[in-house]
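S.K.:
There are 2 protein chains.
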Amino acid sequence: MIPAFASPAQREAAYGALAHRFGNRFSQAEAVRNQHVNTVTWVLPEPPEAVLEAETTEEVSEIVRFCAEHRIPLIPFGTGTSVDGHINAPLGGLCLSLRRMNRILAVNPEDFDATVQAGVTREQLNAHLRDHGLFFPIDPGADASIGGMAATRASGTNAVRYGTMRETVVSLTVVLPDGSVSRTASRARKSAAAYDMTRLFVGSEGTLGVITEVTVRLSGIAESIRAGYGAFPDVESACHTVIETLQAGLPIARVELLDAAQIVASNAYSKLALEPKPHLFVEFHGTETATTEQVALFESIASANGGSSLTFAERPEERTRLWKARHEAFWAAVATRPGSRGVSTDISVPISRLAECVMETRADMEAHGIPGTMLGHVGDGNFHAIPLVDPGNPHEVRRMDAFLDRLAARAHRVGGTCTGEHGVGQGRRHHLEAEYGPDLLRAMKAIKNALDPIGFMNPGKTLPD
Amino acid sequence: MIPAFASPAQREAAYGALAHRFGNRFSQAEAVRNQHVNTVTWVLPEPPEAVLEAETTEEVSEIVRFCAEHRIPLIPFGTGTSVDGHINAPLGGLCLSLRRMNRILAVNPEDFDATVQAGVTREQLNAHLRDHGLFFPIDPGADASIGGMAATRASGTNAVRYGTMRETVVSLTVVLPDGSVSRTASRARKSAAAYDMTRLFVGSEGTLGVITEVTVRLSGIAESIRAGYGAFPDVESACHTVIETLQAGLPIARVELLDAAQIVASNAYSKLALEPKPHLFVEFHGTETATTEQVALFESIASANGGSSLTFAERPEERTRLWKARHEAFWAAVATRPGSRGVSTDISVPISRLAECVMETRADMEAHGIPGTMLGHVGDGNFHAIPLVDPGNPHEVRRMDAFLDRLAARAHRVGGTCTGEHGVGQGRRHHLEAEYGPDLLRAMKAIKNALDPIGFMNPGKTLPD
């Protein structure tokens, strides 16, 4: 059911009031609106009617109440680096940018936590933490805001060891759809005090309220960090190396698969010179003794699976270059087909089924003539096929839709999920019924309706209509 | 608001129908009813009107629908080892025991997960897993059911390294209050697919539905396990040792504080012969190289804080004896005052404030003449003061109530929670408003009401009226 929002005339009157109240922090300029839409992937941009930059939680509360009263869709915005249309405005409305809320409020080194405003980015926080010997371990690639990462339950390359935002968020300050402001939990490391509202808001994609502050758990920077890469004869042997590594209890910090097509693309885009074979990029954290032992154990497992020995990035700059190349992989893939858009798929499956899913997906792309690459956070059973599409070609778009449906069905068939880390946004709403069944979806909608009966918080996202 | 439940006559008619349907799996015998109440702590037992043992998820669904239709309170029951009245029946009703649902449904060693029926206990699962080289790491002491541990968000001695049920539950099968059956998530290690219903049910204490199956994440049994204990001059130096251990990034598997009073009690009850000083009980997991390094680092930190060197439990039997003594600590405390009941307090605070909270709590007990001991999962900032009360003495009961309120207020003042792992049950409902504020509590109640509009799922628990 689509909620009854204000008419265009009512909205324009309301925007006039906001312009009066917030001055140049409010804008309806086309250029500004077009900066606050999906820009990364093939999801079509749908600009909001207006953009407003809040500076405090109190202002967010005021704006939420205003939009509820005037029945205007409200779309929270961090850095706009999400990839599935989370920040699009399919029903118009107001984009609430949190980028000015970029203060680091507290760092408690003894408690391994920091509290930040939602607009603080992960690189900003890590730069601030460096002197403490601590870091914020979640690394989705983009320099996303911590609030946006919480809202989308982000993860990335460190998740195999350090977890995702699900494990890393300690507590949130949220503005509920009624405008009230709450702290969802204390700073204690664990709690059994009633419903886990923190986890309910982590991943709620702005549909249950606005996250304005986040307390995150930090990790100590390891004494020794060793990163490197190795080639494998095929994807299957690389996956088996990862399974055996985890079974050996080796606390690997990062383990990323790039298939041969991705290596070719990254060689060209990121100026690498790797063999055109599937590779694992890996990183080990610990004491000197521990990483030495980990590397030796990993190499023996890789070698037994036909892998090459590791080439290490010895200096910090080389390590940065390696991970930069990994983070540029999406753009490297897109660059192989000028004029195309990348589609960032994201299934996550039990790791025992990963190799089969990767290979079936590659065969599917080949059978349907879909160009693209594959890479993945293999320690989590999470991989991104990046098929490339010409969005102006209806045949290609239809072919892509069918491919995405087959991919989700493949994940569901082996006990996996349609999205490991990117979230639902606009693009995956129709996969949820197959993932959860109608009864659990009905329960989710009941929760949404209980907290946001008007339905104005980021409408058209997360849950199917 | 107390829901309008069936009258006594209506209930008896309904119980007659259940007796007819379920035969000797249904009972109203007083002895059976009295086995299905709080028996561990000072919370007074409140027996249900009847007890029914389900054997399948389908039966649970049928019983849930039946109780909804007949407006009969329904109280899910695992092993009855919770300590705050979670399984009491203050409004009468039916106790739904899951103890016959004790089958281990699947173990997937490559995926590090197992799926069990809710009545499987943690020791049963661990005995089953031994041949796989894997274990289920959550250890609350009692041989609790996995379903009950999920429902109460249990943790225990391994949580500092392996997390709590919050991190360990992968997915649940739940029967919602409308009788529908859903799986809350796939078996993927991570997911960003809409609301985290798994985490909402973990810790919901039977108030949102009945958990009938649990998929948990397993860990590999370490090649080397070293456990031991050391004495400290005072609680503060023991706490500082723990803080510095964590800051050094040392992945300690267990670190438990027992104060001098607890050591005296445990010496008598568990036949130990420890110095009557505060102790840390510790355990290290890893490769031989890793635990050797960890032990050396820990000992240097402990020594700098005035601690003795560690006495190691060299053989597995000695290790078992050490942890058995730790798990018996509650009974050891109770045994110091014959005729008393133990009150299992459970605050969890930021670790930087732990030493001060422990010492203030000890001073509070002394100032008010309350006997008892203290011990804690110090790596989590979670500690249990175990004051002892004569439940037949109204003066002592009032004094205890006041002490518990001061303890919760102390936790809140330093950014902590009234319960780290035991849950709310009946005893802590009145602390939630101070912990979360009225607005978040209202949101929790809205969720409860959205999923259970009749209010028959474990009424009188978790949320205040």
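These protein sequence lines are chains P and V, in that order. Following the working numbering, the numbering of the first sequence begins with 1 at its first residue and continues without gaps. Following the working numbering, the numbering of the second sequence begins with 1001 at its first residue and continues without gaps. All C-beta atoms in this analysis are idealised placements derived from N, C-alpha and C, irrespective of residue type, glycine included.
So, is Gln1294 (chain V) buried or exposed, given that buried needs 16 or more other C-beta atoms within 10 angstroms?
M.R.: By the 10 Å Cβ count, Gln1294 (chain V) comes out buried.
S.K.: When the Cα of Ala1450 (chain V) is compared with those of P:Pro316, P:Asp452, P:Ala446, which residue comes out closest?
M.R.: Here the closest residue by C-alpha is P:Ala446.
S.K.: Buried or exposed for Thr1039 (chain V), going by 16 or more other Cβ atoms inside 10 Å?
M.R.: Exposed, by the Cβ-count rule.
S.K.: By the three-class DSSP mapping on this structure, what secondary structure does Pro438 (chain P) have?
M.R.: Helix, per DSSP.
S.K.: Would you mind telling me which residues of chain V sit closer than 7 Å to Asp111 (chain P), beta carbon to beta carbon, in chain order?
M.R.: Those are Pro1350, Ile1351, Ser1352, listed as they occur along chain V.
S.K.: In chain P, which residues lie less than 8 Å from Ile1243 (chain V) when you measure between Cβ atoms?
M.R.: Simply Glu110.
S.K.: Give the residues of chain V in contact with Gly381 (chain P), contact being defined as C-beta atoms less than 7 Å apart.
M.R.: Near Gly381 (chain P) (Cβ distances below 7 Å), the residues of chain V are Ala1188, Arg1189.
S.K.: With burial defined as no fewer than 16 other Cβ atoms inside 10 Å of the residue's Cβ, what is the status of Gln10 (chain P): buried or exposed?
M.R.: Its Cβ having fewer than 16 others within 10 Å, Gln10 (chain P) is exposed.
S.K.: For Cys1095 (chain V), which of helix, strand or coil comes out of DSSP?
M.R.: Cys1095 (chain V): strand per DSSP, three-state reduction.
S.K.: Taking Cβ-Cβ distances below 9 Å as the criterion, which residues of the stretch 1413–1430 of chain V are in contact with chain P?
M.R.: So the close ones are Val1414, Gly1415, Gly1416, Thr1417, Cys1418, Thr1419, Gly1420, Glu1421, His1422, Gly1423, Val1424, Arg1428, Arg1429.
S.K.: Please determine, among P:Tyr162, P:Gly425, P:Ser344, the residue with the shortest C-alpha to C-alpha distance to Phe136 (chain P).
M.R.: Ranking P:Tyr162, P:Gly425, P:Ser344 by Cα distance to Phe136 (chain P) puts P:Tyr162 first.
S.K.: Is DSSP giving Ile370 (chain P) helix, strand or coil here?
M.R.: The answer is coil: DSSP assigns Ile370 (chain P) none of H, G, I, E or B.
S.K.: If we ignore side chains and look at the alpha-carbon of each, how far apart do Ala329 (chain P) and Gln262 (chain P) end up?
M.R.: Those two C-alpha atoms are separated by around 7 Å.
S.K.: Applying a beta-carbon distance threshold of less than 8 Å, which residues of chain V neighbour Ser489 (chain P)?
M.R.: Because chain P spans 1 through 465 in this model, residue 489 (chain P) falls outside it and cannot be assessed.
S.K.: Look up Glu1256 (chain V) in the DSSP assignment and give the residues it is bridged to.
M.R.: Partner(s): V:Phe1281, V:His1377.
S.K.: Using a C-beta cutoff of 7 Å, does Arg1153 (chain V) count as contacting chain P?
M.R.: Judged by the 7 Å Cβ criterion, Arg1153 (chain V) is in contact with chain P.
S.K.: Give me the Cβ distance between Ser466 (chain P) and Thr215 (chain P), rounded to the nearest whole Å; I'm assuming they're in contact under 8 Å.
M.R.: For chain P, the structure presents residues 1 to 465; residue 466 (chain P) sits outside this window and is missing.
S.K.: How about Glu167 (chain P): is its C-beta nearer than 7 Å to some C-beta of chain V?
M.R.: It does: the Cβ of Glu167 (chain P) has a partner Cβ on chain V nearer than 7 Å.
S.K.: Give the C-beta separation of Gly1493 (chain V) and Ile1386 (chain V) to the nearest angstrom, bearing in mind that I take them to be a contact with Cβ-Cβ under 8 Å.
M.R.: As displayed, chain V neither begins before 1001 nor continues past 1465, which places residue 1493 (chain V) out of reach and without an answer.
S.K.: List, in order along the chain, the chain P residues whose C-beta lies closer than 7 Å to that of Ala1280 (chain V)?
M.R.: The amino acid occupying residue 1280 (chain V) in the given sequence is Leu; Ala does not appear at that position. The premise fails here: Leu1280 (chain V) is roughly 18 Å from chain P at the closest Cβ pair, so nothing lies under 7 Å.
S.K.: For Ser1266 (chain V), return the contacting residues in chain P, with the cut-off set at a CB-CB distance below 7 Å.
M.R.: Neighbours of Ser1266 (chain V) on chain P: none; closest Cβ ~24 Å, over 7 Å.
S.K.: Measuring straight from C-alpha to C-alpha, what distance separates Phe1232 (chain V) and Ala1408 (chain V)?
M.R.: Their backbone Cα atoms lie some 27 Å apart in a straight line.
S.K.: Given a cut-off of 7 Å, decide if Ala332 (chain P) and Tyr229 (chain P) are closer than it, judged by their beta-carbon atoms.
M.R.: Taking 7 Å as the Cβ cut-off, Tyr229 (chain P) and Ala332 (chain P) do not qualify as a contacting pair.
S.K.: So the candidates are V:Arg1099, V:Pro1251, V:Ala1443; which of them puts its Cα closest to the Cα of Asp178 (chain P)?
M.R.: Looking at the Cα atoms, V:Ala1443 is the closest of the given residues.
S.K.: Under the rule that 16 or more other beta-carbon atoms within 10 Å means buried, what is Leu200 (chain P), buried or exposed?
M.R.: Classification for Leu200 (chain P): buried.
S.K.: Where are the alpha helix (DSSP H) runs, 4 residues long or more, that stay fully inside the stretch 1196–1229 of chain V, in chain order?
M.R.: The stretch 1196–1229 of chain V contains these whole alpha helix (DSSP H) runs: 1197–1201.
S.K.: Let me check one thing: in DSSP terms, what residues is Gln1028 (chain V) bridge-paired to?
M.R.: DSSP output for Gln1028 (chain V) lists no bridge partner at all.
S.K.: Check for me: the beta strand (DSSP E) holding Phe1066 (chain V) runs from which residue to which?
M.R.: Unbroken run through Phe1066 (chain V) is the alpha helix (DSSP H), 1057–1070; no beta strand (DSSP E).
S.K.: Is it buried or exposed, Thr241 (chain P), if we count other Cβ atoms within 10 angstroms and call 16 or more buried?
M.R.: Its Cβ being crowded by 16 or more others within 10 Å, Thr241 (chain P) is buried.
S.K.: Under 7 Å, do Met1101 (chain V) and Gln1117 (chain V) count as touching if we go by C-beta distance?
M.R.: Yes. Within cutoff.
S.K.: Please list, in chain order, all residues of the same chain as Ser186 (chain P) whose beta carbon is under 7 Å from its beta carbon, the five residues on each side excluded.
M.R.: Ser171.
S.K.: What does the alpha-carbon distance come out to for the pair Val389 (chain P) and Asp84 (chain P)?
M.R.: If you take the alpha carbons of Val389 (chain P) and Asp84 (chain P), they lie about 15 Å apart.
S.K.: Thinking C-beta only, is Ile1347 (chain V) closer than 7 Å to Glu110 (chain P)?
M.R.: Contact: no.
S.K.: Just to confirm my understanding: we take Cys67 (chain P), look at its own chain, exclude 5 residues before and 5 after, and list those with CB closer than 7 Å. What are they?
M.R.: Closer than 7 Å at the Cβ level, and outside the excluded window around Cys67 (chain P), lie Leu74, Leu94, Phe456.
S.K.: Among P:Ala193, P:Glu421, P:Glu213, P:Ala13, which residue has its Cα nearest to the Cα of Val1202 (chain V)?
M.R.: Closest by alpha carbon: P:Ala193.
S.K.: Interface residues of chain P around Met1457 (chain V) at Cβ under 9 Å?
M.R.: Correct list: empty, because the minimum Cβ distance to chain P is about 13 Å.
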